[in-house]
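Have a look at the structure below before the remarks.
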Amino acid sequence: MIAHQRIVVIGAGYAGVMAANRLAGNKDLAGQIGVTVINPFPDFVERIRLHQVAAGSRAAASVPMETVLHPQATLVVGQATRIDPHAHTVHFDDGRAPLKYDFLVYAPGSTSQPAPSGSGSYALQDAESATRLRPELEQLAPGGVVSVIGGGLTGIEAAAEIAEAHPRLTVRLVSRGQIGADLSDGGRRALLKRLREVGVQLMEGRRVERSEGQQITLSDGTSMASDCTVWTAGFAAPDLARVSGLATDADGRLLVDSALACPEFPEIFGAGDAVRAPDAVAAHLRMSCAMAMPMGAHAADNISARIRQRDPQELSAGFLLRCVSLGRKSGLVQPVRADDTPRRLALSHRTGALVKEQVCRMTLTWIRGERRRSGSYSWPRGPRAVSAQ
């Protein structure tokens, strides 16, 4: 007889909810486990929709948690501030009693880095920040300048959405590197063409050193007016793993093995953006809901295996597409190989927008499908390992 196992999931994003649903609905473990999910917010936030909320083309990016989380999983709304891996407890910021666990899924997600210095920038990291940005954009006078800092997918989508929704404004996209460099040649041409069509001014090879008030300062000392600055550059992991004494990389991501378990504390598994797995299985992985969900499901499967005294399995996960929304009327869908390298052709314009929207809807469909039937979600396998010559 297996003793009752307490499983705590930190984070109710794409990775955390997928893991919780897969565990809570596992019929082989019925009556043998209890699943508790800790999250700062009571709702599930579709982070892939935040740019739409900020631009005003979508009312909200949140759905009630009970519509996505398995009914056998308990939601605790609160901020986890420390994990004690020796006592198997999770501590909170409000003084409530710590939660005990037998297994833990670490999936707190990620956010964008703050502006390097100064103040006055807006972020797109959660529903609150997107909602706060929306009226700021609406009240800008015609000709007002919006600077989107960061040429990654979040910055590209935000710039295109804002420019399309607010044609009276001047929108610039500032990137340290080449915008769309990881797309195929044709995909990048289509991307840049659409950004220019909606009026986005492209500034490549420029690094912002300071954002303060209504001004940004570039690394070469150039100052530029910016009535509203949206910061999407860089990556920031929560400090939770680091302050808990767990092994992390330089970015604060929890270090896990190829089965997504902490080597020193194998009852702790990680999934999603705040986790760093070995290059042997994860060198090709980028931060995205397309990878958070497989990692969450895989962590859940390995916890199930551990409970049933079976060996955990290495992660194998790959990509099929890279999807970019470019406003409501256009999008780009870049087919990729399992290792995320682009294929030659890409879908753009209205077709790209329709496919992108369908993919966004499918993320909730997959999570809710796992809520209804544990084990229903599957994902593309990772690239084949190359043997040493």
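The opening position of the sequence shown corresponds to residue 6 in the numbering used here, with each subsequent residue numbered one higher.
We treat Cβ as the ideally placed atom computed from N, Cα and C, and that holds for glycine.
Bear in mind that the values here come from a model prediction, so they are computed numbers and not experimental data.
8 Å contact criterion, which residue i and residue j should meet: CB distance rounded
i, j, result
"lysine 361", "glycine 336", "4 Å"
"alanine 297", "leucine 265", "About 12 Å; that fails the 8 Å criterion."
"threonine 175", "glutamine 206", "7 Å"
"isoleucine 43", "isoleucine 15", "5 Å"
"alanine 102", "valine 95", "Incorrect: roughly 10 Å between the Cβ atoms, too far for contact."
First through last residue of the alpha helix (DSSP H) which encompasses residue i
i, result
"asparagine 31", "Segment: none, asparagine 31 is in no alpha helix (DSSP H) and carries neither H nor E."
"methionine 300", "294-312"
"serine 134", "132-143"
"histidine 354", "354-377"
"leucine 245", "245-248"
"leucine 55", "55-60"
Min CB distance residue i to chain B below 9 Å
i, result
"arginine 348", "Here chain B cannot be found, since the structure has a single protein chain."
Residue from the options whose Cα sits closest to the Cα of residue i
i, options, result
"leucine 350", "Arg258, Arg311, Asp190 and Val150", "Asp190"
"tryptophan 236", "Met298, Ser309 and Gly160", "Gly160"
"valine 151", "Asp232, Arg194 and Asp187", "Asp232"
"tyrosine 106", "Ile273, Pro299, Gly226 and Ser117", "Ile273"
"leucine 34", "Arg311, Leu138 and Val329", "Arg311"
"isoleucine 167", "Lys334, Pro283 and Ser379", "Lys334"
"arginine 139", "Glu202, Ala66 and Gln118", "Ala66"
"aspartate 345", "Pro388, Gly61, Gln314 and Leu369", "Pro388"
"histidine 56", "Asn44, Ala163, Ser126 and Gly156", "Ala163"
"alanine 146", "Gly157, Arg173 and Ile154", "Arg173"
"arginine 1", "Leu207, Arg291, Met300 and Leu245", "Absent from the structure is residue 1, since the part of the chain shown begins at 6 and ends at 394."
"aspartate 29", "Val364, Gly301 and Arg193", "With the sequence shown as reference, residue 29 is identified as alanine, and aspartate is not the correct amino acid for it. The shortest Cα separation from alanine 29 among Val364, Gly301 and Arg193 belongs to Gly301."
"arginine 87", "Thr79, Asp98, Val81 and Leu80", "Asp98"
"arginine 211", "Val153, Ala170 and Phe240", "Val153"
"arginine 177", "Leu197, Ser134 and Gly192", "Leu197"
"arginine 378", "Pro385, Arg27 and Arg315", "Arg27"
"valine 50", "Val68, Arg215 and Gly100", "Val68"
"arginine 215", "Met229, Gly257, Glu71 and Val203", "Met229"
"leucine 142", "Lys32, Gly157, Ser126 and Pro340", "Ser126"
"lysine 32", "Glu375, Asp256 and Leu245", "Glu375"
"arginine 313", "Gln37, Leu80 and Arg63", "Gln37"
"alanine 17", "Arg54, Thr222 and Met70", "Met70"
"glutamate 307", "Gly332, Pro271, Ala358 and Ala285", "Contrary to the premise, residue 307 reads as asparagine rather than glutamate in this sequence. Closest option to asparagine 307, Cα to Cα, is Pro271."
Cross-strand partners of residue i (DSSP beta bridge)
i, result
"arginine 177", "Ser152 and Gln206"
"proline 347", "Val341"
"aspartate 225", "For aspartate 225, which the question treats as bridged, DSSP gives no partner whatsoever."
"tyrosine 19", "Partner(s): none; tyrosine 19 has no beta bridge."
"aspartate 241", "According to the sequence displayed, residue 241 carries alanine and not aspartate. Its beta-bridge partners are Thr116."
Terminal residues of the beta strand (DSSP E) in which residue i lies
i, result
"glutamate 166", "Glutamate 166 -> not in any beta strand (DSSP E); alpha helix (DSSP H) instead, spanning 158-170."
"aspartate 284", "Here aspartate 284 belongs to no beta strand (DSSP E); instead the alpha helix (DSSP H) covers 284-287."
"valine 68", "67-69"
"tyrosine 382", "From DSSP, tyrosine 382 is part of no beta strand (DSSP E); its letter is neither H nor E."
"glycine 83", "Segment: none, glycine 83 is in no beta strand (DSSP E) and carries neither H nor E."
"tyrosine 111", "108-111"
"glycine 275", "273-275"
"isoleucine 43", "38-44"
Contact test: residue i Cβ vs the ligand FAD heavy atom, cutoff 8 Å
i, result
"leucine 74", "No copy of the ligand FAD appears in this structure; indeed no ligand is present at all."
Counting pairs of beta carbons, one from the region 64-81 and one from the region 15-29, are three or more of them closer than 8 Å?
Between the region 64-81 and the region 15-29 there are three or more C-beta pairs closer than 8 Å, enough to call the two in contact.
Flag this pair as touching only if the region 125-134 and the region 172-183 have three or more C-beta atom pairs under 8 Å; answer yes or no.
Flag = no, the region 125-134 and the region 172-183 do not touch.
Between the region 263-283 and the region 99-115, do at least 3 Cβ pairs fall closer than 8 Å?
The answer is yes - the region 99-115 touches the region 263-283, with three or more Cβ pairs under 8 Å.
Inter-stretch contact at 8 Å, needing at least 3 Cβ pairs: the region 245-255 / the region 81-93:
At 8 Å Cβ cutoff, the stretches touch.
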